[in-house]
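J.:
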Amino acid sequence: MKILLAATEVNPFAKTGGLADVTEALPIEWDKFGHEVAVVMPKHKAVNTELHGFEKTPLSLEIPMGFATEKCGVWEGKFPNSNAKVYLIEHEDYFHRDGIYGDPDDYFDNDRRFIFFSRSVFELAKAINFQPDLIHAHDYHTAFCMPFLSSVYRKDDDFFKNTAGVFTIHNLMYQGKFNPYRAMDFSGFGMKEFYPNSWFEHDGLVNSMKIGILFADKVTTVSPNYAQEIRMPYYSESLQNVLNEKGADLIGILNGVFYNEWSPENDEYIYTNYTPEELHIKKQNKYEFLKGEGLKEGDDFDIPLFGMVTRLTEQKGIDILKEKLEYYLDNYKIRFTILGSGQPEYMDYFNYLKWKYPKRAFINIGYDNMHAHRIISCSDFLLVPSRFEPCGLTQMYALKYATIPIVRETGGLADTVEEYLPDTKSGTGFVFQNYDKDDFGYAVDRALSIYKDKKHWDIIRANATEKDFSSERSAESYIEVFDWALDKIKNS
Ligand code: ADP
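Per the numbering used here, the sequence shown starts with residue 173, numbered consecutively.
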C-alpha cells in the first residue's frame, strides 16, 4: 500500500507532544511491513535539516489558495534507520517561526498556514509522482486534507481517483475554529458552502476538526475508550452529534510505543541501561538523578519519588494535584519532580513549590527530551491525573521502566493501566475514577502502602515491565482500517 501521512509535528524533527511520537512510529512500522510510505510536514524553524540529513529538492510547488496560487519549496529526507521518506514543505512566511502553533499563543493566521499546508500535500504527491492509496491526516491542522481529497482531487484529478482518506483525532480539544470569510476563501470552497449545519459550519465558525471528521472515509482516535467517551457531551467538546453521525466509521486504535526509543535496555538518555531483572540499576539511576538535583551524602535517597512529564494545561489534572501535593510533601516522606511547560499560572505554582521544598520538589520548566527520559525512568511513580486523556503515552513508557503509574480512569489511561490488587497480585498501577482531589489522594495512599511492602512492590513492578504496547501492533490496526477505507470508496 502507498501511504501518504500528513502532520504538523513528527519526531525527531519537531515535537510538542504525543502526536509527534505517533507520526514517527507508524511510518517506520509500515515501512518494515513493506508498505511504501511518505510523510509530509512543514519545514518549521525548529527542524534541523543539517542534523537530520535533509536536502533541498529543485521542486517549486504552486499551491492553489482561493483564486490565487502560492509557491513553496520541498526538502527531502528519511527517518533514521528507515526507508520511510520525509518531505518538508518550505514556506518562509508561514513556517519559519519560533513555535509550531504559536509562540506561545496561537498564531493569528493558523487558518491560512494550515489550509496552505493541507493543500500542499496533494501538490507534493503529484510533483514526486507518489500516487497514494491512502492519505492519513492528523488533528485539526491537516483536517482540510479530507475535503480537498473527497470534494476536489478525487473528483477532478485522476491521480487521486482511487485514494481514500483517514483522519485521526489526537485531541478533540484543539479544533481549529476559524473566521469563515477567511477560511472558506483560502480553502477555495467559498462562502456558498458555509451555511448553518453544513459540514464546514459549527457554532457560526469554520471548525476544522468537524470538517476532518465528516469528510474522512474513516475516522480514528487514539484509544478505544476515548472513541467511546467522545460520543458523550462531557468529553466531546461539543462535537458529540458529529461524532455519533460517523457510527462505526469512528474507530479507536490504541497508540503504540516506539520501544526503540523508550525502553530501559537501549535508552540512550538514561544513566545506565537495565533489564527488568536489573532493577537495582534503576535504583542507582534514581540516586544519580537525585544527586543531579542537588542531594548530598546523608540525604535519604530511598524515599519514594513521584514524577511527571507533561504539557502544563488544564487537561493534565494539575488542578487536583495542586490541591493535594503540599499535603503529601508536608505530611509524608516523598519527593516530587516535574518537567513541563505551558500555562503561566501552573509554571508559577511549580516555581513556588521549588522555593518551598528545595530538597523535595525538583521543578524543571521547559522542554527537554533527555530529562523526560530520565524522569520517566528514575521515578518510582508517574502521576497522570488527567481530566481527560485521549491516549497518553508517558504512562505506557513508565510501565516498561518499572515506574508505576497513578492515573485517572479516563481515555487511554483506562485502557493501559490496571489497578493493582494485592489479593490477586494482578495489575500494574493505581487508578482513580473521579476528577477529585480526595479520589486522587486515596490512589496515592494505596501506592505508598504498596511501596513499603517489598513483596508486592516487586510483583507490581514485574507486572508493569511485562506489558507490551508496541507500535507494531497499532501500525497493523491502522492498515486494517486503511483497507476498510479503500473498500468503502471502491464500493461507493
Ligand atoms: P500529549 O500528547 O497530550 O502532550 P502524551 O502523553 O500523549 O501527551 O505525550 C507526551 C509526549 O511529549 C511524551 O513523549 C513526553 O515525553 C513528551 N513531553 C511532554 N512534555 C515534555 C517536556 N516538557 N519536555 C520533553 N518532553 C515532553
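Backbone N, C-alpha and C fix where the C-beta goes; we use that ideal spot for every residue, glycine too. This one's a predicted model, so the numbers in the text were calculated from it and none came from an experiment.
(1) Just confirm the distance between the C-beta atoms of S323 and I235, as a whole number of angstroms; I'd bet it's less than 8 Å.
(2) Quick check on DSSP: helix, strand or coil for N379?
(3) Does the pairing of the region 577-585 with the region 604-622 give three or more beta-carbon distances under 8 Å?
(4) How about the region 405-415 and the region 377-387: do they share at least three Cβ pairs that are nearer than 8 Å?
(5) May I ask you to check if the CB of D193 is nearer than 7 Å to at least one heavy atom of the ligand ADP?
(6) With a CB to CB cut of under 6 Å and the five nearest residues on each side skipped, what residues in its chain are close to L462?
(7) If we count the other Cβ atoms within 10 Å of its Cβ and call it buried at 16 or more, is P436 buried or exposed?
(8) Can you check which of these residues, R507, K505 and N523, is closest to S513 by C-alpha distance?
(9) Are A256 and V209 close, meaning C-beta to C-beta below 8 Å?
(10) Taking 8 Å as the threshold (C-beta atoms), are G245 and E222 in contact?
(11) Roughly how many angstroms lie between the CA atoms of I287 and H308, to the nearest whole one?
(12) Less than 8 Å between CB atoms is the rule here; does L260 satisfy it with respect to chain C?
(13) Rounded to the nearest angstrom, what separates L451 and I385 at their Cα positions?
(14) Between G601, I492, R507 and W629, which has its C-alpha nearest N612's C-alpha?
(15) Hey, is the region 307-321 in contact with the region 278-287, meaning 3+ C-beta pairs nearer than 8 Å?
(16) Is the number of C-beta pairs between the region 518-532 and the region 637-652 that are closer than 8 Å three or more?
(17) Please report the straight-line C-alpha distance between M480 and Y569, rounded to a whole angstrom.
(18) Measuring CA to CA, which of C563, Y573, N541 and L565 is closest to S551?
(19) Between the Cα of E449 and those of K609, N413 and T637, spot the shortest distance and give me the residue it belongs to.
(20) Is it right to say Y592 is buried, meaning 16 or more other beta carbons lie within 10 angstroms of its own, or is it exposed?
(21) Spatial neighbours of I490 within its chain, please: CB distance less than 7 Å, with the 5 preceding and 5 following residues excluded, ordered by chain position.
(22) Taking the alpha carbon of L585 as the point to measure from, which residue in D595, C563 and L571 has its own alpha carbon closest?
(23) So what does DSSP say about L231, is it helix, strand or coil?
(24) May I have the straight-line CA-CA distance separating F604 from V556, to the nearest angstrom?
(25) Measure from the alpha carbon of T482 to the alpha carbon of each residue in T444, I442 and N541, then state which is nearest.
(26) Can you find a heavy atom of the ligand ADP that lies under 7 Å from the Cβ of A544?
(27) Provide the residue span of the alpha helix (DSSP H) that contains V653, from first to last.
(28) For R546 and Q456, I'd like the C-alpha separation in whole angstroms.
(29) Going by DSSP, what residues sit across from C244 in a beta bridge?
T.: In terms of the structure at hand:
(1) In fact, because the Cβ distance is near 17 Å, the residues do not count as touching under 8 Å.
(2) strand
(3) yes
(4) yes
(5) yes
(6) F473
(7) buried
(8) N523
(9) yes
(10) no
(11) 16 Å
(12) Any reference to chain C falls outside this structure, which holds one protein chain only.
(13) 45 Å
(14) As written in the sequence, residue 612 is Phe, which differs from the Asn given in the question. Ranking G601, I492, R507 and W629 by Cα distance to F612 puts I492 first.
(15) yes
(16) no
(17) 12 Å
(18) Y573
(19) T637
(20) buried
(21) L484 and Y518
(22) C563
(23) strand
(24) 11 Å
(25) N541
(26) yes
(27) S643 to K662
(28) 12 Å
(29) L233
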